Every structure is written in structure tokens, then in C-alpha cells.
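Taken in order, these protein sequences are the chains called D and Z. Just so we're aligned: 30 in the numbering used here is position 30 of the first sequence, and the numbers increase by one with no gaps anywhere. To convert, count from 1 in the second sequence and add 1000; that's the numbering used here. Yeah, the Cβ is synthetic: ideal placement off N, Cα and C, and Gly gets one too. All figures in this text were calculated on a predicted structure; none of them were measured in a lab.
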Amino acid sequence: GESVGLHLPTLSVQEGDNSIINCAYSNSASDYFIWYKQESGKGPQFIIDIRSNMDKRQGQRVTVLLNKTVKHLSLQIAATQPGDSAVYFCAEIGRGSYIPTFGRGTSLIVHP
Amino acid sequence: GAVVSQHPSWVICKSGTSVKIECRSLDFQATTMFWYRQFPKQSLMLMATSNEGSKATYEQGVEKDKFLINHASLTLSTLTVTSAHPEDSSFYICSARAGSGANVLTFGAGSRLTVL
């Protein structure tokens, strides 16, 4: 399915708190998912990815959880820092493809 | 790591003029590049796939005569917004795949177009 151009939801947290950003994806046939971070005026940067045969993957301070039953993806950021302030997009990729379809995005604001 | 460079990073033009945006893969060759468009506070929407040496493939609803794409070499794709109008004002982002084994696209920093 296509992502819909809706206005971004916002998550505000205090520095040091854990952040959880959620994403609902549309295509049950997607088998690869990526979280991107986009800072103001810049292009998306890869954060972490997960394949559909996994339900959890951990990186440095970040964890991605995948629930295929309800087509839900989440990004957990531990000990959130002001530098984490950005817009976060989930993206899904269909089997055999490498072209991401971007989700709605969430604006994360970290208060010092 | 793989780097994709865009130029210009921002441009302001008058209505009716044409604007060209360049996308370069700096340390790898890219037979395919992708152009996305992003409106303020919205997601990225794929506009077209740029193929080296052949015609671009446009997504549904994207006017190919409005958004001309040329991919003349393995490291350069250009997007020309022809006869630009204020509604064409947007953030244009290109991306490329750094090698056939890469699962992830590398994105450029984007080009902000403002049409007066």
C-alpha cells in the first residue's frame, strides 16, 4: 500500500527517558522493515532494520520490535538525548525489492 | 560508507522557470537512483526511478513532462522541474543503492525548492 501524506504526530520526552515510536504498516507481504531518522533539512538516515522472520532486533540504544499479526512496528530509544530530536519514519520493503515505502513519521522532541 | 550528494541544497526560482537538481553517488556506481518528494511535515513519496542509460519509471500521478529525469552516467542523475509553479515547492530527495548486495538505499541530503 501507499503511505498517506498526513501531518506528523509528535512525541515529547525528557532527556534521559526512554522513547517508544510506533508505526503501522500496510502490506502484509512486506518482509523487510527499516527505521530512518530525518533531521530538519536533511535526508533520511538509516537507524536499524529487521526482517519479517524476526520479532526483535537490538542496536546501540535502539530496539525495533515487529508484530506481524497486527502489522505493527516500534522503535525504542533508550536514554533519549537532545540529539535524538528528529522525525522518525518506518519503511517497509516488499519481498524481492529494495525500494522502501515510507510510513507516516513521528516527530520526536527531546527536552533537556 | 556510501555517500549520495545533492546539489543545490536549496534553490529559489521564479514561477515559469526550470530548475535542475543533481544527484551524485560519490564513491560507488549506481545504475538505479530514486527521486522522492517531501512536503512539510509529511512523509516521503517516491516520484520516479531513474535508470542509467534508459528512461525513468514514474510513479502513478507524477507528470513525466513536468519532472524530467536524466541518468546519463553511473554516478549522476538529474531532476529538472520544468515551468515551475509555487505548488512545485517541496523538498526533493534522491537515493541510490550502493551495490547489488545492499538492502538499504543511501539518501542524499535533499534539495529544497521554493518557487515564487
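Between which two residues does the beta strand (DSSP E) holding residue 96/D run?
Careful: residue 96/D lies outside any beta strand (DSSP E) and carries neither H nor E.
Could you work out which residues of chain D lie near residue 1115/Z, taking near to mean beta carbons separated by less than 8 Å?
Within chain D, no residue comes near residue 1115/Z; the closest Cβ sits about 18 Å away, beyond 8 Å.
Please determine, among 24/D, 27/D, 40/D and 31/D, the residue with the shortest C-alpha to C-alpha distance to residue 86/D.
That would be 40/D, whose Cα lies nearest to the Cα of residue 86/D.
For residue 62/D, verify whether its CB is less than 6 Å away from any heavy atom of the ligand NAP.
Looking for the ligand NAP in the displayed structure turns up nothing, as the structure carries no ligands at all.
Count the other CB atoms, across all protein chains shown, that sit within 10 Å of the CB of residue 100/D; report buried if there are 16 or more and exposed otherwise.
Buried is the call here.
Cβ pair count under 8 Å reaching 3, the stretch 1066-1086 of chain Z against the stretch 1018-1030 of chain Z
Result yes; three or more Cβ-Cβ pairs closer than 8 Å.
Residue 44/D versus 1091/Z, 1012/Z, 1115/Z and 1065/Z, residue with shortest Cα-Cα distance
Cα-wise, what sits closest to residue 44/D is 1091/Z.
Rounded straight-line distance, which links the Cα of residue 1093/Z to that of residue 69/D:
In this model, residue 69/D and residue 1093/Z are separated by some 33 Å (Cα to Cα).
Using a C-beta cutoff of 7 Å, does residue 44/D count as contacting chain Z?
At least one CB atom of chain Z sits nearer than 7 Å to the CB of residue 44/D.
By DSSP's criteria, residue 1007/Z is part of a beta bridge. Which residues make up the other side?
In the DSSP output, where bridge partners are listed per residue, residue 1007/Z has 1022/Z.
Per DSSP, cross-strand counterpart(s) of residue 51/D:
Note: residue 51/D sits in a beta bridge opposite 32/D.
If you measure from the beta carbon of residue 51/D to each beta carbon in chain Z, is any gap under 7 Å?
Residue 51/D does not count as touching chain Z.
At least one CB of chain Z closer than 7 Å to the CB of residue 8/D: is that the case?
True, the Cβ-Cβ gap to chain Z drops below 7 Å.
Along the chain, where does the beta strand (DSSP E) containing residue 1034/Z start, and where does it finish?
For residue 1034/Z, the uninterrupted beta strand (DSSP E) segment begins and ends at 1032-1038.
Determine the chain Z residues that contact residue 59/D at a beta-carbon separation under 7 Å, and present them in chain order.
The contacting residues do not exist; residue 59/D stays about 14 Å from chain Z at best.
With distance defined between alpha-carbon atoms, name the residue in 1036/Z, 1082/Z, 1104/Z and 1045/Z nearest to residue 1111/Z.
Among 1036/Z, 1082/Z, 1104/Z and 1045/Z, the Cα nearest to that of residue 1111/Z belongs to 1036/Z.
Three-state secondary structure assigned by DSSP to residue 1063/Z:
Residue state, collapsed to three classes: coil.
Do you know how far the Cα of residue 108/D is from the Cα of residue 84/D?
For residue 84/D and residue 108/D, the distance between alpha carbons rounds to 7 Å.
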